[in-house]
Amino acid sequence: MKLNALYTNVRFPALFWPDSAANAFAIENGVLTWVGNASQVPTAQLASFAHHDAGGAWVTPGLVDCHTHLVYAGHRAHEFASRLSGVSYEEIARAGGGIVSTVRATREASETELFDRSAPRLEALLSEGVCAIEIKSGYGLDLDTERKQLRIARKLARAYDVRVCATFLGAHVVPPEFSGRAQEYINEVCEWILPALYDEGLVDAVDVFCERIGFTLAQTQCVFDKAHTLGLPVKLHAEQLSNMEGAALASTYGAMSCDHLEHLSSAGIAAMKAAGTVAVLLPGAFYALRETVLPPVPALREANIPMAVATDHNPGTSPCLSALLTMNMACTLFRLTVDEAVLGLTRHAAHALRLESGYGAITVGTPANLVMWKVHDLAELACHFGGVPAHVTIRNGVLR
Ligand code: DI6
Ligand code: FE
53 MKLNALYTNV
63 RFPALFWPDS
73 AANAFAIENG
83 VLTWVGNASQ
93 VPTAQLASFA
103 HHDAGGAWVT
113 PGLVDCHTHL
123 VYAGHRAHEF
133 ASRLSGVSYE
143 EIARAGGGIV
153 STVRATREAS
163 ETELFDRSAP
173 RLEALLSEGV
183 CAIEIKSGYG
193 LDLDTERKQL
203 RIARKLARAY
213 DVRVCATFLG
223 AHVVPPEFSG
233 RAQEYINEVC
243 EWILPALYDE
253 GLVDAVDVFC
263 ERIGFTLAQT
273 QCVFDKAHTL
283 GLPVKLHAEQ
293 LSNMEGAALA
303 STYGAMSCDH
313 LEHLSSAGIA
323 AMKAAGTVAV
333 LLPGAFYALR
343 ETVLPPVPAL
353 REANIPMAVA
363 TDHNPGTSPC
373 LSALLTMNMA
383 CTLFRLTVDE
393 AVLGLTRHAA
403 HALRLESGYG
413 AITVGTPANL
423 VMWKVHDLAE
433 LACHFGGVPA
443 HVTIRNGVLR
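Okay, here's the thing in structure tokens:
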């Protein structure tokens, strides 16, 4: 049931609500209708709402996880063991493991099975205060399986009443049946798979893995041209393992975001800045692959490029289901400040997905997506790892 409630004794970080006198908010039929000081609750109607003393909780916008590969079948824990013994991620991929092994398992799974495997992953993220999430395809690499993944993204949105952006990542890797014929696969993606899924209303954005083990710049361009023709926004897995100058290319298409960016060049930074493209940092993959080249955070900061942070949840390089652990890793590994990490999983993540107002911000007049954290200091969100502070989530106007 949509909330009608008045919460008092809350604290708002200046990042999200500059009026330091505000210590209360009201929700009417699920919509945030008022923020202010408890001594000035506006109407008799508000005064009659259910009243909750939040005990000094800090209020943030609901978290936004703007980069995930949440829908897949199969397991890759054995690859973790191989990597520990010295085999690299690229070597595993070239030997037919990695992404392709998840593709095989995902093709075999029924839609029901795939939903049942994916739902608990979403539940884990929601339980930490996530209120909006991006979910990519890319473990199908054929029309039927990409469709199955995207349909599940839509079903999860309905089943959990959560804002989901469905991203088509058909150009993730070359599927085995197209081995040695990458361009033919790209033609199939552009002429057949993407337009069909677009017609079915299953695609909100288009992504490509531009990398030595993914697709070239020219192939990325083919997919982006098609996306543009269809009026779909684009984003890119860019400069994760090497510098392909993908960020510069994506920026010429007005990309919403470029993601990973460990090997981002100064030309890439300039192009992203000019295009208003968000930098999405994925410390989970950096950590799991034991990367040593850091994304150029000081240069991104200097250029004033908004930095988002996301889990990149996937079975290979980031089997992580914690937004808060990701926040911690962004600070510890990438040296983000606490404010940057919090904004990275709220305001800037919402902007990376071009979400409507009310996500990633505290906005009166929009459906309430808020978390009340029972912590003394907001820095506790980022400094702890391996545990989640007590909190209450209001997602889409409903107390969860
Ligand atoms: N980059 C990633 O981090 C994921 N995909 C990609 O293009 C990894 C996906 C996987 O290993 O299954
Ligand atoms: Fe990814």
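The sequence shown begins at 53 in our numbering and counts up one residue at a time. All residues carry an ideal CB built from backbone N, CA and C; glycine is no exception.
Who are residue i's beta bridge partners in DSSP?
i	result
W425	W110, H443
V123	Paired residue(s): none; V123 is not in a bridge.
T219	K188, A257
P419	V83
M53	The partner list for M53 (beta bridge, DSSP) is empty, contrary to what the question assumes.
G88	A76
N366	S370
L451	I446
T60	A76, D105
C262	F267
Answer with buried or exposed for residue i, where buried requires no fewer than 16 other C-beta atoms within 10 angstroms of its C-beta.
i	result
W425	buried
Q97	exposed
D251	exposed
N75	buried
M53	exposed
S370	buried
Q92	exposed
D196	exposed
R366	For clarity, residue 366 is Asn in the given sequence; the question names Arg instead. With 16 or more Cβ atoms within 10 Å of its Cβ, N366 is classed as buried.
H127	exposed
E229	exposed
G368	buried
L301	buried
Looking at the structure shown, is residue i part of a helix, part of a strand, or coil, going by DSSP?
i	result
L23	For the chain, the structure presents residues 53 to 452; residue 23 sits outside this window and is missing.
E186	strand
G396	helix
A360	strand
D105	strand
F267	strand
V214	coil
D311	strand
D117	strand
L288	strand
W69	coil
S134	helix
S303	helix
G410	coil
R203	helix
Quiz prompt | Inter-stretch contact (C-beta, 8 Å, three-pair minimum) for the stretch 208-227 and the stretch 173-187 | solution = yes
Exercise. Pair every Cβ in the stretch 332-340 with every Cβ in the stretch 371-381, then say whether three or more of these pairs are closer than 8 Å.
Key: yes
Quiz item: If we count Cβ pairs, one from each stretch, closer than 8 Å, do we get three or more for the stretch 345-355 versus the stretch 393-402?
Solution: no
Quiz prompt | the stretch 268-279 / the stretch 233-249 touching (three or more Cβ pairs under 8 Å) | solution = yes
Quiz item: Touching or not, the stretch 108-121 and the stretch 180-191, by the rule of three or more beta carbon pairs under 8 Å?
Solution: yes
Quiz item: Per the contact definition of three or more C-beta pairs closer than 8 Å, is the stretch 56-68 in contact with the stretch 98-118?
Solution: yes
Quiz item: Are the stretch 218-234 and the stretch 178-185 touching by the rule of at least three beta carbon pairs closer than 8 Å?
Solution: no
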